[in-house]
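In the numbering used here, the protein residues as written are 12 to 457. Where is the CB? At the ideal position from N, CA and C, for every residue including glycine. In this text the structure is predicted, and so the values were computed from the model without any measurement. Written out below as structure tokens is the structure these notes cover.
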Amino acid sequence: MAYSLEDRAFQRKLTRRDFIWLSTVAAAGSMTGCAKNPVTGDSQLMLMSEAEEIQVDQEQAPHQFSADYGAVQDNALNTYITTVGNSMTQSSHRPHMPYSFRAVNATYVNAYTFPAGSIATTRGILLEMDNEAELAALLGHEIGHVNARHAAERQTKGLLASAVVAGASLATQYSKYNEYAALVQGIGGFASGALLAKYSRDNERQADSLGMEYMSRARQNPNGMTGLMEVLVNKSQAKPNALEAMFSSHPMSQDRYDTAKQRAASQYGSLLVLPDNRERYMDNIAKLRAMKPVVDKLQDGEAQLKQEKFHDAKNSFARALRKAPRDYAALVLMSKCQLALDKPKTARHYAQKAQHIYPTEAQGHHLNGISQLAMGKSADAYQAFKRYEQLLPGNPSTLFLQGVSLEGMQQKQAAAEVYNRYLKSVKQGDQAQHAYGRLQAWGYVR
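Here it is in structure tokens:
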């Protein structure tokens, strides 16, 4: 099959001839990959089409949301966030994009968007904000990234994170995982920005400006942007670990706060009399506010996991679960912690409870499979991984683990077929070496 230049660029497989051609045409100022920036109207090199932005969004966003323990099971809260977000999209520079909004169960402090407008806010940042104007600023900022095509710009420059899906994989940074858990390479709750664009300071400043423009058009008090910046600065000093992912993908500076304050006073001064809608915001996050002690304990536990203080983490998660025994994120994190402590049976218990509470979210099924593998229950593990794939297709790590499960079931032919499928998408790393080694040992490749 012949691939177009745009296909090769999107897959990061540009040839030497492609680079020479691009350089020549760019110098001549007639680049066919140039596109008009929706915000500035200027022509810019853009090798990622709008259709590809939508494709990347549709392929990657569900895995990131699952890594963040799924959308909160609070329909009223998600509807409220969607209403605030949608109030700004129609007056943005790209109103036709397929925007969507949700809160996710992760407890670290962050918000993010994928290229076509799949936007998420974490429970952690919702608890830090004080009013609806700050929420509008947060969502407006993310909408700004979509409208300025910052992710597509970073892709063109080769800086967008690769499309390898980490999904709900277990974090290998926990070095004491047993041999089966160590097979799974991917992200935990603290690496949640891994699939997203790492924005430059210029990108951030432009998104701030656009966010204030969009929220003001929606009749939100522009001081919400100043308040949001103040929240982030204060939180970074009080509990920096909770903002690690946000500042990695959204560089923060005093300059951004100062600029927001000056812009609100000068450019949007007449709108500063608008209400900040604090009461409405507090009413809509009332259930979440009641969970703040739980979220605090989960933040502590995740920091302890990262430091490999597994017993301390277990105690933090246990305290969270005593207050909220049905919290999905708490159950999943406790399952991960028990795996780190080499207690797969206990890990399975928490994973299965998580599955029962949130059956349509994939990560609980994944952890159940890991636990079953560690207990030598290959057939049960295989069924868990199959269920995960039904809920969230496209994670090559899960395909690999199906192969491991089939090996344990002595189904060599089926395992070989799965490993062969896996190697079509992943060529390097320990998992790929294991899969290829099995195919060699079994005589399927030479």
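query: Backbone secondary structure at glutamine 349 - three-state DSSP; result: helix
query: Rounded straight-line distance, which links the Cα of tyrosine 268 to that of proline 233; result: 13 Å
query: Same chain, Cβ closer than 7 Å to serine 7, neighbours up to 5 away in sequence not counted; result: Look at the range of the chain in this structure, 12 to 457, and you will see that residue 7 is not part of it.
query: Neighbour-count burial assignment, arginine 160, 16 or more Cβ in a 10 Å radius; result: buried
query: Distance CB(methionine 420)-CB(tyrosine 393) smaller than 9 Å; result: yes
query: Inter-residue CB distance, threonine 118 and glutamate 313 (contact presumed, cutoff 8 Å); result: 7 Å
query: Contacts around arginine 337, its chain only, beta-carbon distance under 6 Å, and the 5 residues preceding and following it disregarded; result: Ile368
query: Residue environment, asparagine 245, which counts as buried when at least 16 other CB atoms sit within 10 Å; result: exposed
query: For glutamine 55: DSSP bridge partner residues; result: Ala46
query: 9 Å Cβ cutoff met for alanine 301 and methionine 223; result: no
query: Pairwise C-alpha distance: asparagine 89 and valine 83; result: 8 Å
query: Asparagine 158 and serine 103 closer than 9 Å at C-beta; result: yes
query: Serine 408 burial status per 10 Å Cβ neighbour count (16 or more: buried); result: buried
query: Glycine 155 vs serine 220 beta-carbon contact at 9 Å; result: yes
query: Other residues of its chain near alanine 362: CB distance less than 6 Å, five sequence neighbours each side excluded; result: Ser346, Gly375, Leu378, Asn379, Ser382
query: Buried/exposed call for methionine 293, threshold 16 Cβ in 10 Å; result: exposed
query: Residue from Ala452, Leu410, Gly454 whose Cα sits closest to the Cα of lysine 461; result: Because the chain is modelled from 12 through 457, residue 461 falls outside the range shown and cannot be assessed.
query: According to DSSP, residues forming a beta bridge with serine 389; result: DSSP, once it has assigned bridges, lists no residue as partnering serine 389.
query: Neighbourhood of valine 305 by C-beta distance below 8 Å, restricted to the same chain and skipping five residues each side; result: Ala331, Lys334, Ala335, Asp338, Ala341
query: Local conformation of threonine 133 per DSSP, three classes; result: strand
query: Assigned secondary structure, valine 244 (DSSP; H/G/I helix, E/B strand, else coil); result: helix
query: Selection from Ser211, Asp141, Phe328, Lys298 that minimises the alpha carbon distance to threonine 237; result: Asp141
query: Which of helix, strand or coil DSSP assigns to arginine 300; result: helix
query: Leucine 285 beta carbon less than 9 Å from that of alanine 144; result: yes
query: Cut-off 7 Å between Cβ atoms - residues of its own chain near threonine 100, not counting five sequence neighbours on either side; result: Pro106, Tyr110, Ile154
query: DSSP-derived helix/strand/coil call for arginine 4; result: Only positions 12 to 457 of the chain appear in the structure, and residue 4 is not among them; the question remains open.
query: Helix, strand or coil at tyrosine 470 according to DSSP, with G and I counted as helix; result: Residue 470 is absent from the model: the chain starts at 12 and stops at 457.
query: For alanine 229, three-class secondary structure by DSSP; result: coil
query: Supposed contact pair valine 115 and glycine 81 - C-beta distance, whole angstroms, cut 8 Å; result: 7 Å
query: Helix, strand or coil at tyrosine 123 according to DSSP, with G and I counted as helix; result: strand
query: Under 9 Å between C-beta atoms of alanine 229 and histidine 152; result: no
query: From Gln55, Arg134, Lys317, Leu402, residue whose alpha carbon lies closest to that of aspartate 85; result: Arg134
query: Identity of the residues DSSP links to valine 115 by a beta bridge; result: Ala82, Thr133
query: Alpha-carbon spacing of glycine 199 relative to alanine 358, whole angstroms; result: Only weak support is given to the placement of glycine 199: the predicted model assigns it a pLDDT of 37, under 50, and the value that follows is read from those uncertain coordinates. Going from the Cα of glycine 199 to the Cα of alanine 358 covers about 16 Å.
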